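Protein chains: 2
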Amino acid sequence: MPKYGAIEAGGTKFMVAVGKDPLRLERVTRIATSDEPAETIGAVVEYFRGQGPLDALGIATFGPVDFATGRITTTPKLAWRNYPLKETLERALGVRAGFDTDVNAAALAEARLGAGRGAGDLVYFTVGTGIGGGAIAGGRLVHGMMHPEMGHLPVRRAAEEAPGFAGVCPYHGDCLEGMASGPALEARWGRRAELLPADHPAWRVEADYLAQACMAVACVLSPLVIVLGGGVMEQEHLIAMVRQRLEEQARGYFPLPRIERPALEHPGLSGALMLAMEAAR
Amino acid sequence: MPKYGAIEAGGTKFMVAVGKDPLRLERVTRIATSDEPAETIGAVVEYFRGQGPLDALGIATFGPVDFATGRITTTPKLAWRNYPLKETLERALGVRAGFDTDVNAAALAEARLGAGRGAGDLVYFTVGTGIGGGAIAGGRLVHGMMHPEMGHLPVRRAAEEAPGFAGVCPYHGDCLEGMASGPALEARWGRRAELLPADHPAWRVEADYLAQACMAVACVLSPLVIVLGGGVMEQEHLIAMVRQRLEEQARGYFPLPRIERPALEHPGLSGALMLAMEAAR
């Protein structure tokens, strides 16, 4: 039976695993992301060499990404800028690699095997240090000319927002990521998200922005399911608040997508294994 | 050589045509939309019976639409609600019919043959009595669980907007359609769009909303081209203003889609003929 390697490449950590089945990831391991790509990739290659021969590799990465060349492009991590991630790993490990964004991989896994099981149309948002979104439309991943950048959706200021808060996105200030990412919560309320109690007004504001993001993707893609993952969504009370705000915003105009937490433990990594399986075909 | 029939069904008029080639529509004819579907459809059937035998029909219609049953659903035109448009026409004319939204048909035609010629990823907006959007992603029409409803995207109030203007959307008030459709312009400025001079402040406000819509779909779908059609876009100065506002809003974060006027004379009708060609296969 073929064996695949999976990588979820993030700005803080690389998660790696091997396996035959995206629902049964084996030897899941965390490798810290160094400022020097050579150091991180060296550790990743060493990990996979210790797992025996692989049939293919799947790479789900932070972005922005250039699919034509398999590179991360304009990341603020300077040494990673234009780093040939796909090519370097393919050469070092002697296998073909599937390559996509972390959120597209997560969308793929959640659509086929997770919260959207069987849904041909699904959007996956990660809400953490940044905000990103991936999408499946008609059963296939959405790429477009580059790839979705849903974190930079324009949002309206929530009614309870502080008038002086300008948002933290270095490009847009008060876009979705600028107002609703983990760093935005910390900048706005002076405490890290996980230290804000469940009844703190911060969560009403946060739910408003995330509901706006859900409304926007519902208007553009009409997905059956929207999955909200990432560190900020680990606040268990938050998802019900997003659902309620979305209903208030949509006002019964159209059937709303189901808003769900990820069903998989590692959606991005399971998706990476699925990318490997497709690359092997 | 096969011959097809094309229908673009709107709330004001049905445009009908026949032809072998979506770039060469023949006998383009306008039939007023009556409050009584039977009257309109009777005239449409009579038109096609006069054109000789058809190999297939393509129907591009206003919505919302239920693809499973080929019906228009919750339109404010009560007698058209749940009218079995596809089935009635297929039976009366004895042909198979392709069926999609007017804006999806227009997106298809502009992506393959028009302003986006060869673009696998394109969004088509119509800005007129209402606002609607259709999309091609990875070369295929986007449907989702229902279909896109891009007219109801949330927008921020433009800086020059009147504070008291609540918008005209009966569901959301100040969504995209509520702020930027033809009726919104008329309600806001007291004159029909075509009577507002090119240097009127209305156009800066209008361009702001349309740029926000372009920004939202760029974030979600990353299209190569966005085509802006419909009556309001016949103001020739407007498209350059939208391009400029979009650049200001995007702030260099990602490569922007090209913003274009339709290249085809009847994008929806040409798209309907393409739907007929697909139905015949």
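Heads up: the sequence lines are chains F and G, in that order. Remember, my numbering sits 254 above the position in the first sequence when you count from 1. Remember, my numbering sits 254 above the position in the second sequence when you count from 1. Here a beta-carbon is modelled for each residue, glycine too, at the ideal position from N, C-alpha and C. Being a predicted model, the structure only gives us computed values, none of them experimental.
| message | Taking the alpha helix (DSSP H) that G/Arg303 belongs to, which residues open and close that run? | response | Per DSSP, G/Arg303 belongs to the alpha helix (DSSP H) from Pro291 to Arg303.
| request: Determine the closest residue to F/Gly317 out of F/Leu518, F/His401 and F/Glu300, with distance taken between C-alpha atoms. | output: It is F/His401.
| field | Given F/Pro256 as reference, the closest of F/Gly264, F/Arg446 and F/Asp275 once Cα atoms are compared | value | Among F/Gly264, F/Arg446 and F/Asp275, the Cα nearest to that of F/Pro256 belongs to F/Asp275.
| Closest to G/Gln466 by CA distance: which of G/Arg445, G/Trp443, G/Gln489 and G/Met433 is it? | Comparing Cα-Cα distances from G/Gln466 to each of G/Arg445, G/Trp443, G/Gln489 and G/Met433, the minimum goes to G/Met433.
| request: Give the straight-line distance between the Cα atoms of F/Ala365 and F/His397, rounded to the nearest whole angstrom. | output: If I take the Cα positions, the gap works out to 16 Å.
| At a Cβ threshold of 8 Å, is G/Cys468 touching chain F? | Chain F, which has no Cβ nearer than 8 Å to the Cβ of G/Cys468, makes this no.
| Selection of the region 470 to 497 of chain G by Cβ proximity to chain F, strictly under 7 Å | Residues are counted here when their Cβ sits less than 7 Å from a Cβ of chain F; for the region 470 to 497 of chain G these are Ala470, Val471, Cys473, Val474, Leu475, Ser476, Pro477 and Leu478, given in chain order.
| Are the C-beta of G/Leu332 and some C-beta of chain F separated by less than 8 Å? | No, G/Leu332 lies away from the interface with chain F (no Cβ there is under 8 Å from its Cβ).
| Counted within 10 angstroms of its Cβ, other Cβ atoms place F/Pro511 as buried (16 or more) or exposed | F/Pro511 should be labelled buried.
| request: Taking only beta carbons into account, state which residues of the region 403 to 418 of chain F come closer than 7 Å to chain G, listed in chain order. | output: From the region 403 to 418 of chain F, only Glu403, Met404, His406, Leu407, Pro408 and Arg410 have a Cβ closer than 7 Å to chain G.
| Contact set between G/Ala391 and chain F, taken where Cβ atoms lie within less than 9 Å | Those within 9 Å of G/Ala391 in chain F are Ala389, Ala391, Gly392, Arg394, Val396, His397, Gly398 and Leu475.
| request: Please classify F/Pro477: is it buried, with 16 or more other beta-carbons within 10 angstroms of its beta-carbon, or exposed? | output: A buried status is given to F/Pro477, since no fewer than 16 other beta-carbon atoms sit within 10 Å of its beta-carbon.
| Beta-carbon of F/Arg499 versus every beta-carbon of chain G: anything under 8 Å? | Chain G, which has no Cβ nearer than 8 Å to the Cβ of F/Arg499, makes this no.
| query | Along the chain, where does the beta strand (DSSP E) that runs through F/Ala286 open and close? | reply | Here the beta strand (DSSP E) through F/Ala286 covers Glu280 to Ala286.
| request: Quick one: using the 10 Å Cβ neighbour count with 16 as the cut-off for buried, is G/Gly506 buried or exposed? | output: Per the 10 Å Cβ criterion, exposed.
| message | Is there a C-beta anywhere in chain G that falls below 8 Å from the one on F/Gln305? | response | Not an interface residue.
| field | For G/Pro408, the three-state DSSP class (helix, strand or coil) | value | Note: G/Pro408 maps to strand in three-state DSSP.
| CA-to-CA distance, G/Pro291 to G/Ala333, given in whole angstroms | Straight-line Cα distance between these residues: approximately 7 Å.
| query | Start and end of the alpha helix (DSSP H) containing G/Tyr337? | reply | For G/Tyr337, there is no enclosing alpha helix (DSSP H), since its DSSP letter is neither H nor E.
| task | Note down the Cα distance separating G/Gly427 from F/Gly387, rounded to an integer number of angstroms. | result | Straight across, the Cα-Cα distance linking G/Gly427 with F/Gly387 is about 27 Å.
| message | Quick check: the region 516 to 529 of chain G against the region 489 to 498 of chain G, are at least 3 beta-carbon pairs closer than 8 Å? | response | Proximity of the region 489 to 498 of chain G to the region 516 to 529 of chain G falls short of the contact definition, fewer than three beta-carbon pairs being nearer than 8 Å.
| Span of the alpha helix (DSSP H) around G/Val496 | If you look at G/Val496, you'll find it in the alpha helix (DSSP H) that goes Leu492 to Ala504.
| request: Would you identify the three-state DSSP class for G/Tyr463, choosing helix, strand or coil? | output: G/Tyr463 falls in the helix class under three-state DSSP.
| said: Could you give the first and the last residue of the continuous beta strand (DSSP E) run that contains F/Gly306? | reply: F/Gly306 -> no beta strand (DSSP E), and no H or E assigned at all.
| Is there a Cβ from chain F that is less than 8 Å from the Cβ of G/His454? | With 8 Å as the cut-off, G/His454 does not count as an interface residue toward chain F.
| query | Any C-beta of chain B sitting closer than 8 Å to the C-beta of F/Phe316? | reply | In the structure shown, chain B does not exist; the protein chains are F and G.
| query | Taking Cβ positions only, does F/Phe321 come closer than 8 Å to chain G? | reply | With 8 Å as the cut-off, F/Phe321 does not count as an interface residue toward chain G.
| task | Determine the DSSP secondary structure at F/Thr356, reduced to helix, strand or coil. | result | Residue identity differs from the one stated: residue 356 of chain F is Asp in this sequence, not Thr. It is helical.
| field | CB contact flag (F/Leu475, G/Val481, <8 Å) | value | Result no, Cβ atoms of F/Leu475 and G/Val481 do not sit closer than 8 Å.
| message | Which same chain residues end up closer than 8 Å to F/Arg325 when comparing Cβ atoms and leaving out the 5 residues on each side of it in sequence? | response | Result list for F/Arg325: Val319, Asn336, Tyr337, Pro338, Leu339 and Lys340, in chain order.
| query | Which of the residues in the region 500 to 514 of chain G, read from start to end, lie with their CB under 9 Å from any CB of chain F? | reply | For the region 500 to 514 of chain G, the beta-carbon criterion of a distance under 9 Å to any beta-carbon of chain F is satisfied by Gln503, Ala504, Arg505, Gly506, Tyr507, Phe508, Pro509 and Pro511.
| Reference F/Gly265, options F/Gly259, F/Thr383, F/Val272 and F/Pro455, closest by Cα | That would be F/Thr383, whose Cα lies nearest to the Cα of F/Gly265.
| message | I'd like to know whether the C-beta of F/Tyr463 is nearer than 8 Å to at least one C-beta of chain G. | response | Interface criterion not met: the Cβ of F/Tyr463 is under 8 Å from no Cβ in chain G.
| Which two residues bound the contiguous beta strand (DSSP E) that contains F/Gly436? | First-last for F/Gly436: Gly436 to Trp443, but that is the alpha helix (DSSP H), not the beta strand (DSSP E).
| said: Taking only three categories from DSSP, how would you classify F/Arg345? | reply: Looking at F/Arg345 - three-state DSSP - the assignment turns out to be helix.
| Which residue comes first and which comes last in the beta strand (DSSP E) that contains F/Met269? | That run of the beta strand (DSSP E) goes Lys267 to Gly273.
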